[in-house]
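For the record, the sequence lines run as chains A and B. For the first sequence, the working numbering begins at 162 and goes up steadily by one. For the second sequence, the working numbering begins at 930 and goes up steadily by one. Worksheet for the structure shown next.
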Amino acid sequence: MHRLIISGSVTALILTSACASPSAQHAAASADHSAQAAGHSVAAGATGVATVSAVPVVAAGSVLAITGAAIESIGTASVDAGTAVLNTGLGPTPQQICLGPPMPHCVAPQAAPSLE
Amino acid sequence: MKLKCILTALAFGIATLAPLSATAGSSAAANPVLPAADVATFANRVQRDLASRGANVVIVSRVGRDPSVLPDGINYTHVAFWVYSRITQADGSTGMGYRVYNLYQQEGDLTRSDLVQDTPGDFFAGAHNLDAGVIIPDPRLQRKLIDVISSPTYAALHNANYSVLANPRSGQFQNCTEHTLDVLMAALYGTNDRQQIKANIAAHFTPQPVALNGLQRLFAPAASGALTTADHGQSVGTATFGSIARFMQAHDLSDETYRITPERLIRF
């Protein structure tokens, strides 16, 4: 019984946080963040300072020095977490998926994605 | 006796769930966990690291809850695209930086969402830990992603019906991670056809299983409609940062997948 209650509340704790937006209080804090960010070489856009436009830059790397810090390799534990239970109860990969309303048609999947 | 036990559990379950769900969109914000200065410093650390690697489009995640309460396999609670951009401020000043493309729950209605652009500082404002998960896509994929993000397809792939545990194989509900996955698939396959995207996700993407028992699935929607699992079958699986990272690694779609903390950069 206690286990049930605890697991229920834990689930709620976990899941209600997803995709939450900053509140007004956070937005105010964000203005501070942005003001401080502006002092850095890579300027941060700001909620507190109205942004007129933000245009994606496509020129890969041309204006950027490659000076990133070395990334340590210490295993794959974090990304692999949970993989032991992958597919458990999720069933086989479908050859065709039929989506319910408002998309009532069956569609065959394409080949696995590749950039080659 | 058994019935009494179930009813008691139901009462307790709703009692514990209801206050949490009622403040879900703003509870963390009402009590900021981290000092604003630390968050700002960290946000800049992340974006300077990404810029230094020449990354134009990156998938970044944050920890929005105490990791000790996160279930196995879920390390991050919010995911968004960061796009390196030329930013023009209202005062006419311009600068280079990352613009964050989010899907956020509406504060007034947690069962609905909006697409919202904000800044790296905003992104981490609600963080519980200074810890970011980063996926730098292959440069060829970055170009495809920019094409989608800057096109009407990006908004067209948004489904405002929000579920925390949205099934990525279904178009019934969507959360931030599923929208990220939908955009990723649109870029990979060069399509804005939602049915085709869902079919490809069903075939090639493995959701992160989430262990919920029947009573939890029963109680949760009573506390908040955003906790529905109505779009799932017998088992529940959802898109997460980790499951997207695994998908991209399995198909050679990413250049780097790593974690940034204030002290270290750690490859997953």
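Quick reminder that beta carbons are idealized off the backbone N, C-alpha and C, glycines included.
Query: Quick one: what does DSSP say residue 975 of chain B is sitting in, helix, strand or coil?; Result: helix
Query: Per DSSP, which residues does residue 1066 of chain B bridge with? Please list them.; Result: B:1183
Query: Pull up the distance between the alpha-carbon of residue 221 of chain A and that of residue 277 of chain A, whole angstroms please.; Result: Caution applies to residue 221 of chain A, whose pLDDT of 42 falls short of 50 and renders its modelled position unreliable; the value that the coordinates give is listed next. Approximately 19 Å, taken between the alpha carbons.
Query: Taking Cβ positions only, does residue 1118 of chain B come closer than 8 Å to chain A?; Result: yes
Query: Taking 8 Å as the threshold (C-beta atoms), are residue 1098 of chain B and residue 1073 of chain B in contact?; Result: no
Query: Just curious, the alpha helix (DSSP H) that residue 1109 of chain B is in, first and last residue?; Result: 1105-1118
Query: Any idea which residues DSSP pairs residue 215 of chain A with across the strands?; Result: B:1016
Query: From the beta carbon of residue 1028 of chain B, is the nearest beta carbon of chain A less than 8 Å away?; Result: yes
Query: To which residues of the same chain is residue 980 of chain B closer than 7 Å at the C-beta, ignoring the five residues directly before and after it?; Result: 1013
Query: Could you tell me whether the Cβ of residue 1086 of chain B comes closer than 8 Å to any Cβ of chain A?; Result: no
Query: May I have the straight-line CA-CA distance separating residue 1192 of chain B from residue 267 of chain A, to the nearest angstrom?; Result: 49 Å
Query: Label residue 1142 of chain B either buried or exposed according to how many other C-beta atoms from any shown protein chain fall within 10 Å of its C-beta, with 16 as the threshold for buried.; Result: exposed
Query: Report the partner residues of residue 1138 of chain B according to the DSSP bridge assignment.; Result: B:1166
Query: Please decide whether residue 1083 of chain B counts as near chain A, where near means a Cβ-Cβ distance under 8 Å.; Result: no
Query: With C-beta atoms as the reference, is residue 993 of chain B less than 8 Å away from residue 181 of chain A?; Result: yes
Query: Since residue 1065 of chain B contacts residue 1183 of chain B with CB under 8 Å, what's their CB separation in whole angstroms?; Result: 6 Å
Query: So if DSSP puts residue 1010 of chain B in a beta bridge, which residue, or which two residues, is it bridged to?; Result: B:988 and B:1030
Query: Starting from residue 1194 of chain B, follow the beta strand (DSSP E) in both directions and report where the run begins and ends.; Result: 1194-1196
Query: Once DSSP output is grouped into helix, strand and coil, what is the label at residue 1023 of chain B?; Result: strand
Query: When Cβ atoms are compared, which residues of the stretch 1041-1060 of chain B fall closer than 9 Å to chain A?; Result: 1042, 1043, 1045, 1046, 1047, 1048, 1049, 1050, 1051, 1052, 1053, 1054, 1055 and 1057
Query: Is there a Cβ from chain A that is less than 8 Å from the Cβ of residue 1110 of chain B?; Result: no
Query: Within 10 angstroms of the Cβ of residue 1190 of chain B, are there 16 or more other Cβ atoms? Answer buried if so, exposed if not.; Result: exposed
Query: Between the Cα of residue 1093 of chain B and those of B:1118, B:1158 and B:1036, spot the shortest distance and give me the residue it belongs to.; Result: B:1158
Query: Distance cutoff 8 Å, beta carbons only. Does residue 1017 of chain B sit that close to anything in chain A?; Result: yes
Query: Shortest alpha-carbon distance to residue 975 of chain B belongs to which of B:1080, B:1001 and B:1028?; Result: B:1028
Query: Classify residue 991 of chain B as buried or exposed, calling it buried when 16 or more other Cβ atoms lie within 10 Å of its own Cβ.; Result: buried
Query: So does the stretch 1156-1171 of chain B actually touch the stretch 1041-1061 of chain B, counting three or more Cβ pairs closer than 8 Å?; Result: no
Query: Where do the ends of the alpha helix (DSSP H) carrying residue 1144 of chain B lie?; Result: 1143-1152
Query: Less than 8 Å between the C-beta atoms of residue 270 of chain A and residue 1180 of chain B, yes or no?; Result: no
Query: Taking 8 Å as the threshold (C-beta atoms), are residue 1176 of chain B and residue 1187 of chain B in contact?; Result: no
Query: Ignore the nearest five residues each way along the sequence and tell me which others in residue 1046 of chain B's own chain have a CB closer than 8 Å to its CB.; Result: 1028, 1029, 1030 and 1031
Query: Is the beta carbon of residue 1134 of chain B less than 8 Å from the beta carbon of residue 1110 of chain B?; Result: yes
Query: Starting from residue 1043 of chain B, trace the beta strand (DSSP E) in both directions and tell me its first and last residue.; Result: 1042-1047
Query: Among B:1103, B:1005, B:1100 and B:962, which has the Cα closest to the Cα of residue 916 of chain B?; Result: Missing from the structure shown is residue 916 of chain B; chain B here goes from 930 to 1197 and no further.
Query: Examine chain A for any beta-carbon lying closer than 8 Å to the beta-carbon of residue 1143 of chain B, and answer yes or no.; Result: no
Query: Is residue 1005 of chain B helix, strand or coil when you go by DSSP?; Result: coil
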